[in-house]
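**Q** Handing you a structure now.
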Amino acid sequence: MNHISEEKDFLNQLLNMLSNHMPDNTEIVLHDLTGDYNHTIVDIRGGHITGRQIGDSGSNLGLEVLRGTVENGDRYNYVTHTEDGKILRTSSLYIRDENGKVVGSICINSDITDTLKFEDILHRYNRYENTDDKEVFTKNVGELLDHLLQQAQLNVGKIPSKMTKQDKMDFIRYLDEKGAFLITKSGERICKALEISKYTLYSYLDAVRDGAKEEEK
Numbered sequence: 001m002n003h004i005s006e007e008k009d010f011l012n013q014l015l016n017m018l019s020n021h022m023p024d025n026t027e028i029v030l031h032d033l034t035g036d037y038n039h040t041i042v043d044i045r046g047g048h049i050t051g052r053q054i055g056d057s058g059s060n061l062g063l064e065v066l067r068g069t070v071e072n073g074d075r076y077n078y079v080t081h082t083e084d085g086k087i088l089r090t091s092s093l094y095i096r097d098e099n100g101k102v103v104g105s106i107c108i109n110s111d112i113t114d115t116l117k118f119e120d121i122l123h124r125y126n127r128y129e130n131t132d133d134k135e136v137f138t139k140n141v142g143e144l145l146d147h148l149l150q151q152a153q154l155n156v157g158k159i160p161s162k163m164t165k166q167d168k169m170d171f172i173r174y175l176d177e178k179g180a181f182l183i184t185k186s187g188e189r190i191c192k193a194l195e196i197s198k199y200t201l202y203s204y205l206d207a208v209r210d211g212a213k214e215e216e217k
């Protein structure tokens, strides 16, 4: 399979089965990861959980998988959060073509906010693995890039006007590892955030990537 559209009927059956099997507090999402990341969602059931709909974007974890920062993006029973404070139990499965390239994903998000209040009683239902992954859900890649820019600044620990050249390179390294440069026109936003030119941005980016290659040797 080179594109998820080749298995459209099967995937539709699969989502039908899952949505009918799962309780109403569950969202099931099918992403097409072969095109514009701003519009990856091609099917969604229970979208009221995260407030997303067909045509919305994927999460930051998907960017990291496409970037290659995360080699195996499949995750099961991990905790995620929505912007409005819901606590979700999430599982993500990435679909690959015959060459191993990621072409899509299926994600299941169950809202466990209320049931966590009864964790002792419902422990088995709410069982999840502890993980360092911090996945966030946004409606579009603009919001996702805003989140990544905020996290990059927190990682550096300084406001841009106080950053040295090395600080800005660390800022860019963080964004590159998180897949931010896969977002269309992200360079313009990053330049504005760091108050640098496009030439400087890509000069720093080349230096960051060259340094990463040297470390791998």
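Residue 75 in full-length UniProt numbering sits at position 75 of the sequence shown, with consecutive numbering throughout. We treat Cβ as the ideally placed atom computed from N, Cα and C, and that holds for glycine.
1. Is there a Cβ of chain C sitting closer than 7 Å to that of V141, yes or no?
2. State buried or exposed for S186, treating a residue as buried only when at least 16 other CB atoms are found within 10 Å of its CB.
3. In the DSSP assignment, find the beta strand (DSSP E) that holds Y94 and state where it starts and stops.
4. Going by DSSP in three states, H21 sits in which element: helix, strand or coil?
5. Within this structure, are the beta carbons of Q53 and G46 separated by less than 7 Å?
6. Using the DSSP secondary-structure output, state which residues sit across from I41 in a beta bridge.
7. Can the beta-carbon of residue 238 be found less than 7 Å from the beta-carbon of D74?
8. Which one of A180, M169, L175 has the shortest CA to CA distance from E200?
9. For the region 139-189, list the alpha helix (DSSP H) runs that are entirely contained and at least 4 residues long, ordered along the chain.
10. Less than 6 Å separating the Cβ of A193 from some heavy atom of the ligand ADP?
11. Within this structure, are the beta carbons of V141 and V102 separated by less than 7 Å?
12. In terms of residues, what are the limits of the beta strand (DSSP E) holding N2?
13. What residues in its chain sit with their C-beta under 7 Å from that of C191, if we drop five residues either side in the sequence?
14. Give me the DSSP bridge partner(s) of D210.
15. What is the C-beta distance between F171 and A152, in whole angstroms, given that I count them as a contact (C-beta under 8 Å)?
16. Buried or exposed for N12, going by 16 or more other Cβ atoms inside 10 Å?
17. Just curious, the alpha helix (DSSP H) that G62 is in, first and last residue?
18. Could you tell me the alpha carbon to alpha carbon distance between D114 and D210, rounded to whole angstroms?
19. Please state whether the Cβ-Cβ distance between T50 and T80 is less than 7 Å.
20. Check the DSSP bridge columns for N109 and list the partner residues they point to.
21. DSSP puts G104 in a beta bridge; with which residues?
22. Can you look up T50 in the DSSP assignment and give me helix, strand or coil?
**A** Once the coordinates are examined:
1. Protein chain content of the structure displayed is limited to a single chain, and chain C is not contained in it.
2. Mapped onto the sequence shown, residue 186 falls at position 186. Result: buried.
3. Position 94 of the sequence shown, counting from 1, holds the residue named residue 94. That run of the beta strand (DSSP E) goes 87-96.
4. Translated into the one-based positions of the sequence shown, residue 21 becomes position 21. Note: H21 maps to helix in three-state DSSP.
5. By 1-based counting over the sequence shown, the position of residue 53 is 53. By 1-based counting over the sequence shown, the position of residue 46 is 46. The answer is no: Cβ separation not under 7 Å.
6. As a first step, residue 41 is located in the sequence shown; it is residue number 41 there, counting from the start. I41 pairs with H31.
7. Residue 238 falls outside the range modelled here, since the chain spans only 1 to 217, and no answer is possible.
8. Against the sequence shown, residue 200 aligns to sequence position 200. Correcting the residue identity first, residue 200 is Thr in this sequence and not Glu. Among A180, M169, L175, the Cα nearest to that of T200 is on M169.
9. 141-156, 165-177
10. Ligands are entirely absent from the displayed structure, and the ligand ADP is therefore not among its contents.
11. The sequence position of residue 141 within the sequence shown is 141, counting from 1. The sequence position of residue 102 within the sequence shown is 102, counting from 1. Contact: no.
12. Translated into the one-based positions of the sequence shown, residue 2 becomes position 2. It is not in any beta strand (DSSP E) - N2 carries neither H nor E in the DSSP assignment.
13. Within the sequence shown, residue 191 is the residue found at index 191, counting from 1. For C191, where only same-chain residues beyond five positions count, the Cβ hits under 7 Å are S197, K198, L201.
14. Indexing the sequence shown from 1 puts residue 210 at position 210. D210 is not bridged to any residue.
15. Counting from 1 along the sequence shown, the entry for residue 171 is found at position 171. Counting from 1 along the sequence shown, the entry for residue 152 is found at position 152. Yes, they are in contact, since the Cβ atoms of F171 and A152 sit about 5 Å apart, within 8 Å.
16. On the sequence shown, position 12 is the one that residue 12 refers to. N12 is exposed by the Cβ-count criterion.
17. Stepping through the sequence shown from its first residue, residue 62 is reached at position 62. Residues 60-67.
18. Residue mapping note: residue 114 aligns to position 114 of the sequence shown, counting from 1. Residue mapping note: residue 210 aligns to position 210 of the sequence shown, counting from 1. Their Cα atoms are separated by approximately 48 Å.
19. The sequence position of residue 50 within the sequence shown is 50, counting from 1. The sequence position of residue 80 within the sequence shown is 80, counting from 1. For T50 and T80, no; Cβs fall outside 7 Å.
20. The residue given as residue 109 occupies position 109 in the sequence shown. N109 pairs with E27, T90.
21. Within the sequence shown, numbered from 1, the residue matching residue 104 stands at position 104. According to DSSP, which records beta bridges pairwise, G104 is partnered with D32, I95.
22. If you number the sequence shown from 1, residue 50 lands on position 50. The answer is coil: DSSP assigns T50 none of H, G, I, E or B.
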